[in-house]
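Trainee: Mind having a look at this structure? Questions to follow.
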Amino acid sequence: MAIEKMALVSIEGALKKVRRTMMKCCESECFHIIPYTHSSENYYSSQNFKTLKDRNLFTPIVKRALNLAEGLGIKLEYCDYDDIEYNVSVDFARYLREIEDEYSELYLKREAVQTSFQQHNQALYQLEQLAGLSSNFEEIFAMKYIRVRFGRLPADSYPKLKYFDDKPFCFFPFETQGEYIWGVYFVPNAESVIVDDIFKSLFYERIRVPDYFTGTADNAKTYILKTIQKETEELNTLNAQIEQLKIRVNDKFVKVYCKLKVMNDSYELRTNVSVINNRFFLNGYIPKKQAESFKELIEDVETVTVQVMPQDSDPMTQPPVRLKNNWLFRPFEMFVTMYGLPEYGKIDPTPFVAVTYMLIYGIMFGDLGQGLFISLLGYILTKWKNVKLGPIMTRIGISSAFFGGAVFGSVFGNEEIIPPLFKAKSVYSMLGMSRAPEDIFQVSAYLLISAMGIGVMLIIITMVLNIITCLKTRDLKTGLFGASGITGLVLYSSVVFAAVMQLGLGISVLSLPYIIFLIIVPVLLLFFKEPISELTHLAERKSRGNKINKNTALLHAIKTYSDAISKVDSVNSESYSLEQLIECKYIKNQYGSLSYESYEKLNLFYERKFFFFPFESNEETVTGIYLAPETDFPSVDKLFSSLGFIKMKTPAHIDDIKNENKKRSPDTAENESKKEKISVGNFIIEGVIDLFETGLTYITNSMSFLRIGGFILSHAGLMLVVNILAEKAGNAGSIGWLAVQIFGNLFVIGMEGFLVGIQVLRLEFYEMFSRFYEGKGKPFKPIVMDLKLDN
Amino acid sequence: MSKSDSKFNAVIAKSKAVYGSRIKSAEYDSFMQKSTVPQLVAALKDTGRYKQVLSSVNELQAHRGQIEFLISKAVFETYMRLCSFIPIDLSGFNSFWIKKIELDTIVNTIMFIYSEQWDKIITDIPSYLNPYVSYDLFELGNAKSFDDLIKAVEGSRYYKLLKNVLPNSSFRSGEKIDFEEISTALYADYYKWLFKCIDSEFDGNLKNELREAVFRQVNMENILLAYRMKAYFDRPADEIERLLIPFHKGRSGEIIRETLTDSSAADKILSVFEKHFSKGTAYDKDFLEIAIRRDSYAYFRKRMRTSASGTMVMYSLVNLLDIERQNVTTIIEGVRYSVPPAEMQKLLVI
């Protein structure tokens, strides 16, 4: 019930074995490939690494195979291809050519007949449009000085004909069909070129009346019908021959295609491979438990070795995430994935979602009969259509049935078969009632309070989860002083506890120490969380930033280049100007931004010849400029790209940057005081707003859970309406009664069951996830061959 | 027209539904893979957006111009369907698209008269606009000279304007006219009308929202024009300034004016350009027009999603549909002239 443990693997071997290795990786179905990056230790020795980017010779052959498969109607699906001995592109090409030759002969014949068939059908269609024409075609075409053009004109163009009233033509419309008007125009021979151009510009679609049209339109139609029949027979014969060819080649073709596709795809993956001295290097993640079997499988290839390392060995990449849960919780991974996977090493919220979803759904839609129906429907949908929501429906249905039976005593809305819990004497007397309530509406106040109680408990649990996550990831600011951190938890729990004791039991716990230590102190901590965290966590961040600022990387870089030595002194003395550095002849720079995580990773590359000068930062990004010697700039550029550096145009005036930089410099006393002055005002406003927002969020989040009680009542209300309607329709057991009961229940299950599902998901995502979960993980995507997609 | 239009929720819902059926990236990819226009037309006929308007087109015989005409018509029909939810006043803001097509038609007519391609005037006339147009559309089709054109628009708001900007009766074939200047005057009048409508019909947030959207369009067009004139033709500052649509928001107008006199103005204009782009928008200097359209696309898409005003949502949607129309037109032309899909991709606004 967690996140699958991953291991980083580095595969190395002779270059000629790269294809075989890639195929093995695909076969393993557990290898998540990542671009190969060189660690800082071996950087200098590995500058000559190259990526394999040669042309994939299999791609055009795959296209040919797909065309052939489409033409022959072969269905491509994955199968074993062990007996196919082709290994190079030429073998595949030769095999395909043999089939293509045979197929193309039949295809060309079919095409010829098909074209003629289509022309005749088109002619038939035209003849049908000319059905109203009583004149003989011979007579029309025999006209010596007049040309005749049959066709259709877009209805939009028809009014435009009046522009050409002065031109010598006559247009006779036959009929309007959709957006077109069918007709014919007559034009004198001498003017036909001009008039044809006019009609063409109006998008007139001319139909060529074939010369075999003789007599009236009816005569021509009979002739054409005969020809079409003959051509249909010819087409059937050719199609049968093609079908025979397909049956003959089908099995082998599918196997050949599978192997070809696997080889093609593994070739495509080569772009992630780095090569040096005829040896290839490939990195990726695999589930830790499969490490041994994977190693064994890959090392089966001669000269190839696999090194299995801890997942955090490469600081440049974030391990991918595959959720691992038991059969009960697994279907709920869908909801977690919808929101975003957890980051590697953090808490997987699936079990929490599964338990709370089933619990809340069961309470909100508690009905034994309807719950079992939903469960059964879910089971059928899973088995029949493999619907992903099916297993969830099965589980929440059972939960609904449990609560319906055990608590609400509701079976398809009938509360008389099983006595509801609130009618038990011990329960209603505990609620201070002298006799059993008649229906659930009489205990609605208790229901709503209980709903809120559930909400409060869930909010407290999510706060605890948040604290655990923050402590795990050392995010002390949020974990200690956040609204969902320890401070928030103490404040929220104390206020809720005091309210429950005061309003519920009439006991006042609000003593002075209680108010001071459990309410005022947490409020103050929330208010002053920024300065407090500045002194602890942010100060740490700042020191890391300065560490980068003052590292010796640039000095190291500049010293290598004699021309820039004059600038070195200024760097050493720390009185250098960025403007000067930017103007250095042999130093190139790039302005842009990168994430704070990537900024921190820059420390790992202290040996690299670059210098990063941050201008401004917020919680997520750092904007700045990096400088590097001209000759090293491409590799530095690549490094920054791999860290997700977003390039931006350097602000127009370097002076502006310089000034801005000065403004932000923490070292200047003057600026410090300025910052102080600015931040006091901001601090108070922001603090008050933050505090107000936190308080409001506590209240609204807790109130939000009232919907649990609300839906219990609405369910009872809806079923009451169904029962009243059923009684109006007839006596119990009559057809009318039964029909209303069936349709009423189906309606309630369809509408309310669906609404409750959405509402619970909303509670999960908004009220709970927002407190402890971010969902920034990357999914584990093992490389596989997708054979179905291309067909 | 009331000053608030929050009651036009139907327009918002309908617009979002229309936007939902937009041509998606995968569909554009598949269009670009087509090797002939008939194949492309067949593919367009399969889309929800153009299915109806292209239903009776015979793809084997369809003309490229006809398809483009029908696609423009589809945009107009969608706009008119949306207008059925808002009481449209032909002189009010919501007739913005009708006025835009009216104006485009006049500008095209001027161009065709000048280049003596009179038949093109007739072909290009959007006959579907006839019931709504403020001048005699078919009289316009008969125009053979600028005088004819002025006569055709008599009685409309364009009459006085065209009389001022078009050459007088003494104009002879072969003489030069400053087409850019005439076009600027006409579009400036359009934008002036838009602002006037916004100011008189709306107030509060909606007014600001609409003004910002229109300002943004004007600014972008001005910057692009200024950059082109400076970078490619090195036209003098005063001449360029005369060609700009005289509405600017913020400092962009001043900056353009300041930089025009500078010898390195083209680059400075680009920097102004960047400031107006949404953060992170990448662009290529050779495809500035595409970059502008991409930026507008992003802007209107955001407005579509976030605005609570029916008018703003409709304005955004129509602009988005027009961008989509231009994409399809680009692909039709690309397929017609066998442009590789990668090249076409560069010109698409997605």
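Taken in sequence, the protein lines are chains A and B.
So for the first sequence, my numbering puts the first residue at 3; every next one is plus one.
So for the second sequence, my numbering puts the first residue at 33; every next one is plus one.
Glycine residues also receive a C-beta, built at the ideal position from the N, C-alpha and C atoms.
Run down chain A in chain order and give the residues with a C-beta less than 9 Å from the C-beta of Ser348 of chain B.
Mentor: The premise fails here: Ser348 of chain B is roughly 27 Å from chain A at the closest Cβ pair, so nothing lies under 9 Å.
Trainee: How far does the alpha helix (DSSP H) with Ala252 of chain B in it extend, from its first residue to its last?
Mentor: For clarity, residue 252 of chain B is Met in the given sequence; the question names Ala instead. Run containing Met252 of chain B: 236-263, per the alpha helix (DSSP H) assignment.
Trainee: Give me the Cα-Cα distance between Val413 of chain A and Leu491 of chain A, rounded to the nearest whole angstrom.
Mentor: When rounded, the separation of the alpha-carbon atoms in Val413 of chain A and Leu491 of chain A is 40 Å.
Trainee: Taking DSSP as the reference, what is the three-state secondary structure of Asn661 of chain A?
Mentor: Since pLDDT at Asn661 of chain A reaches only 48, below the 50 mark, its modelled position is unreliable, and the value read off the structure follows with that caveat. Note: Asn661 of chain A maps to helix in three-state DSSP.
Trainee: Applying the criterion that 16 or more other CB atoms from any shown protein chain within 10 Å of the CB defines a buried residue, is Lys26 of chain A buried or exposed?
Mentor: Classification of Lys26 of chain A: buried, given that the 10 Å Cβ count is 16 or more.
Trainee: In whole angstroms, what separates the C-alpha of Met366 of chain A from that of Phe756 of chain A?
Mentor: 11 Å
Trainee: I need the boundaries of the beta strand (DSSP E) containing Pro515 of chain A, first residue and last residue.
Mentor: Run containing Pro515 of chain A: none in the beta strand (DSSP E); it sits in the alpha helix (DSSP H), 514-517.
Trainee: Could you check whether the Cβ of Gly80 of chain B sits closer than 9 Å to any Cβ belonging to chain A?
Mentor: no
Trainee: Could you give the distance in angstroms between the alpha-carbon of Ala94 of chain B and the alpha-carbon of Glu356 of chain B?
Mentor: 20 Å
Trainee: Which partner residues does Pro289 of chain A have in the DSSP bridge list?
Mentor: Bridge pairing for Pro289 of chain A: A:Met8 [DSSP].
Trainee: CB-CB under 8 Å to Lys132 of chain B, same chain, minus the five flanking residues each way: which ones, in chain order?
Mentor: Within the same chain, Tyr222 come within 8 Å of Lys132 of chain B by CB-CB distance, once the 5 residues on both sides are set aside.
Trainee: Buried or exposed for Trp386 of chain A, going by 16 or more other Cβ atoms inside 10 Å?
Mentor: Exposed is the call here.
Trainee: So, for Leu92 of chain B: in the same chain, excluding its five sequence neighbours on each side, which residues have a beta-carbon less than 7 Å away from its beta-carbon?
Mentor: If you ignore the 5 residues before and after Leu92 of chain B, its C-beta comes within less than 7 Å of the C-beta of Pro70, all in its own chain and listed in chain order.
Trainee: Please confirm whether Val323 of chain A and Pro344 of chain A have their CB atoms less than 9 Å apart.
Mentor: For Val323 of chain A and Pro344 of chain A, yes; Cβs fall inside 9 Å.
Trainee: Taking any Cβ of chain E, which residues in the region 159-188 of chain A have a Cβ under 8 Å from it, in chain order?
Mentor: Of the chains in the structure shown, none is chain E; the protein chains are A and B.
Trainee: Taking Thr319 of chain A as the reference, give the member of A:Lys290, A:Asn285, A:Phe337 with the closest Cα.
Mentor: A:Asn285
Trainee: Use the C-beta contact count for Asn162 of chain B: other C-beta atoms within 10 angstroms, 16 or more gives buried, fewer gives exposed.
Mentor: By the 16-neighbour rule on beta-carbons within 10 angstroms, Asn162 of chain B is exposed.
Trainee: Which runs of the alpha helix (DSSP H), 4 residues or longer, sit entirely within the region 71-107 of chain B?
Mentor: 83-86
Trainee: Report the three-state DSSP secondary structure of Val310 of chain A (helix, strand or coil).
Mentor: strand
Trainee: Check whether chain B comes within 9 Å of Lys65 of chain A, counting only Cβ atoms and requiring the distance to be less than that.
Mentor: no
Trainee: Asp314 of chain A: beta carbon under 8 Å from a heavy atom of the ligand GTP?
Mentor: The model depicted lacks the ligand GTP and carries no ligand whatsoever.
Trainee: Under 7 Å between beta-carbons, which chain A residues line up against Tyr160 of chain B? List them in chain order, please.
Mentor: Asp158
Trainee: Residues in the same chain with beta-carbon distance under 7 Å from Pro373 of chain B, minus the five sequence neighbours each way, listed in chain order, please.
Mentor: Met64, Gln65
Trainee: Provide the residue span of the alpha helix (DSSP H) that contains Arg335 of chain B, from first to last.
Mentor: 320-338
Trainee: For the beta strand (DSSP E) containing Tyr346 of chain A, name the first residue and the last one.
Mentor: It is not in any beta strand (DSSP E) - Tyr346 of chain A carries neither H nor E in the DSSP assignment.
Trainee: With a CB to CB cut of under 6 Å and the five nearest residues on each side skipped, what residues in its chain are close to Asn351 of chain B?
Mentor: Phe332
Trainee: Just tell me which of A:Gly185, A:Gly153, A:Val197 has its CA closest to the CA of Asp167 of chain A.
Mentor: A:Val197
Trainee: Going by DSSP in three states, His558 of chain A sits in which element: helix, strand or coil?
Mentor: Summary for His558 of chain A: the model assigns pLDDT 40, below 50, so the residue's position carries little reliability; its value from the coordinates is reported in the next sentence. Helix at His558 of chain A.
Trainee: Can you pull the chain B neighbours of Ser118 of chain A, defined as C-beta to C-beta under 8 Å?
Mentor: None at all; the shortest Cβ gap to chain B is about 15 Å.
Trainee: Could you give the distance in angstroms between the alpha-carbon of Leu748 of chain A and the alpha-carbon of Ile442 of chain A?
Mentor: 22 Å
Trainee: Step through the CB atoms of chain A and report whether any lies within less than 9 Å of the CB of Glu41 of chain B.
Mentor: Rather than Glu, the amino acid found at residue 41 of chain B in this sequence is Asn. Answer no: the Cβ-Cβ gap between Asn41 of chain B and chain A never drops below 9 Å.
Trainee: Any idea which residues DSSP pairs Gly153 of chain A with across the strands?
Mentor: A:Gly185, A:Arg208
Trainee: What in chain B is Cβ-close to Ser203 of chain A, meaning under 7 Å?
Mentor: Asp151, Thr155
Trainee: Show which residues of chain B have a CB atom less than 7 Å away from the CB atom of Glu729 of chain A.
Mentor: Within chain B, no residue has its beta carbon less than 7 Å from that of Glu729 of chain A; the closest one is some 39 Å off.
Trainee: Can you check whether the C-beta of Phe319 of chain B is within less than 9 Å of a C-beta belonging to chain A?
Mentor: no
Trainee: The beta strand (DSSP E) spanning Thr625 of chain A covers which residue range?
Mentor: 623-631
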